[in-house]
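The structure appears right after this line, and notes come after that.
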Amino acid sequence: MAEERGKPDNKAIRFECKNLGEVEKVMETEIILEEWSPVCNIQAFVEKSDNAYYFYLWINPESEEPELRSCWICNRVKATKNVDYQAMENGEAPCMPLDFVNHNISGIELDDDKLHIQWFEEGDAAALLDDDKIIAVIPEFSGYNGFHGYSIYAKGTGPFAWELEQAYERFEYLVRKSKERWDYFETDFWGEAGGVQESYISALNNFWGNYEKYYAIDGDRFPPKALLVGRRNNVHYAITAGVSIIPMPKVEMEYQEKYEDYRRIELGFACTEEHKALLKMMLGVISGLSNMPWTELTYLGHGHTIPFSNIKGYNYIVLLNDRMLDKEESVKYEPFMGEQINLLWIKPITTEEYNYIYENGVDSYLKDRNKQDIYVFNDK
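The numbers in our numbering rise by one with no breaks, and the one at position 311 of the sequence shown is 1100.
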């Protein structure tokens, strides 16, 4: 399932006292563990230096502007009272200062062979385990306001990691659930009779009758995804199947305790008979958007707008959640892994409409419009 790609150079990460995210190869260290995210362009690895163990997530490492997220795990040498800025300027991974160390102040050693990485469901965050014990976590909100991650060996809110104890139970639940989900994806869950693919097709066929065309849009890579084309009452549709298999990143940061209601999506476009020629063009647009949450580490939701120039006179698209439109007839999905699926309609809009939505919100935009068919493109 995970793609084989290059390994990180067996070098240390340079720590600048002004910017802990800069990457520069300056000294030999040992990379004892590395693994790619199953769905995002993120490489996780564990570095063992003379001073300490560190856990990293390297986002888009092959791009011109990679982002490095780091989390201290433990010191290997005696802790000092203050941050060793000189070591950081020399390119050495810094030790955690004494006041924030929750292990033997002389340093500890880990059993490298027992360490393993567990990706969370969204694929953009990970935990490091020592056998079955979580020892470090880089969550999706790492990198905000100077926060790096959690370590079981940290005390308080240290400069390179925060203590894990209070959040341990929550992450233990997430790790257990994530492992179950990724293990499930190792089975023939998509193509087997009565499996996931059939569930999506059945939901769409119940809405529009038998589909007319089926396009695979996954490029033979995980996760499996398709685009189905069909029609109903002289309206032509293109709707994805399988995007909702993987929950989107960052949804919890927006919706808090209700995040599981919004993190699984499918995408659709609908147009009237006279515009059916647009479907072929829109297939590429939909396919590209279906990758966006995991390539851009973001989420798509009701009212989100995106620049769009494929149809003359329309400069943006707005996403409309089918659940928010009070429609009498909709695609009825079976919950996936106990969570509801949100169908987001892709509606091209003018610059004037975009400005109105930007200033007043999508709910105001929809207020005086016929929600039953506002999602259907008819160039009016």
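Every residue, glycine too, gets a C-beta built ideally from N, C-alpha and C. Small disclaimer: the values here were computed from a predicted structure and weren't measured.
query, result
"Hey, could you find the ends of the alpha helix (DSSP H) Ala992 is sitting in?", "985–997"
"Give me the Cα-Cα distance between Glu836 and Phe949, rounded to the nearest whole angstrom.", "14 Å"
"Could you have a look at Leu822 and say whether DSSP puts it in helix, strand or coil?", "strand"
"Ile1138 and Tyr1103 look like a contact to me (Cβ under 8 Å); what is the Cβ gap, rounded to whole Å?", "6 Å"
"Report yes if the CB atom of Thr1061 is closer than 9 Å to the CB atom of His1025, and no otherwise.", "yes"
"So, do the region 1009–1020 and the region 877–894 have three or more beta carbon pairs nearer to each other than 8 Å?", "no"
"Whose C-alpha, out of Glu1118, Arg959, Met1113, Glu1117, is nearest the C-alpha of Phe1154?", "In the sequence on display, residue 1154 carries Tyr and not Phe. The candidate whose alpha carbon is nearest that of Tyr1154 is Met1113."
"Should Lys966 be labelled buried (16 or more other beta-carbon atoms within 10 Å of its own) or exposed?", "exposed"
"Compare the C-beta of Lys1121 against all C-beta atoms of chain C and say whether one is closer than 9 Å.", "The question asks about chain C, but that chain is absent: this structure has only one protein chain."
"Cα separation between Glu813 and Ala876?", "In this predicted model, Glu813 has a pLDDT of only 46, less than 50, meaning its place in the structure is not dependable enough to derive any value."
"Excluding sequence positions up to five away, which residues of its chain have a Cβ less than 8 Å from the Cβ of Ile897?", "Cys863, Asn864, Arg865, Tyr942"
"So, for Tyr1051: in the same chain, excluding its five sequence neighbours on each side, which residues have a beta-carbon less than 7 Å away from its beta-carbon?", "Val1040, Tyr1044, Gly1090, Asn1131"
"Return helix, strand or coil for Glu1128, following the three-state DSSP convention.", "strand"
"Given this structure, state the Cα-to-Cα distance separating Asn1099 from Lys903, to the nearest angstrom.", "52 Å"
"Alpha carbons only, please: which of Phe1097, Ala1030, Met1042 is nearest the one belonging to Val1120?", "Ala1030"
"Provide the residue span of the alpha helix (DSSP H) that contains Lys1156, from first to last.", "1151–1156"
"Leaving aside the five residues before and after Asp1157 along the sequence, list all residues of the same chain whose C-beta is less than 6 Å from its C-beta, in chain order.", "none"
"Hey, how far is the Cα of Leu918 from the Cα of Phe960?", "11 Å"
"Between the C-alpha atoms of Ala1027 and Asp1162, what's the straight-line distance to the nearest angstrom?", "15 Å"
"Go to Arg1020, then tell me how far its beta strand (DSSP E) extends in each direction, as first and last residue.", "1015–1021"
"With distances taken from CA atoms, which of Asn994, Ile848, Asn840, His905 is nearest Asn879?", "Asn840"
"Any idea if Asn1022 is buried or exposed, counting beta-carbon neighbours within 10 angstroms, 16 or more meaning buried?", "exposed"
"Which residues in the same chain have their Cβ closer than 6 Å to the Cβ of Val985, if we skip the five residues on either side of it in sequence?", "Phe978, Trp979"
"Starting from the N-terminal side, write out each stretch of the alpha helix (DSSP H) that is 4 residues or longer and does not extend beyond the region 844–898.", "874–878"
"Looking at the secondary structure, which residues open and close the alpha helix (DSSP H) in which Asn830 lies?", "It is not in any alpha helix (DSSP H) - Asn830 carries neither H nor E in the DSSP assignment."
"Checking the sheet assignment: what are the DSSP bridge partners for Asn1110?", "Leu1133"
"Could you pull out every residue in the same chain whose Cβ sits closer than 8 Å to the Cβ of Phe930, ignoring the five residues on either side in sequence?", "Phe936, Met1042"
"Quick check on Gly912: buried or exposed, where buried means 16 or more other Cβ atoms within 10 Å of its Cβ?", "buried"
"Identify whether Pro1082 lies in helix, strand or coil by the three-state DSSP scheme.", "helix"
"Please name the residue in Gly1073, Asn999, Glu1142, Ala1066 whose C-alpha comes closest to that of Leu1056.", "Gly1073"
"Which residues does DSSP pair with Asp919 in a beta bridge?", "Leu904, Lys922"
"Using a 10 Å radius around the Cβ and a threshold of 16 neighbouring Cβ atoms, would you call Gln775 buried or exposed?", "Since the first residue of the chain shown is 790 and the last is 1169, residue 775 is not available in this structure."
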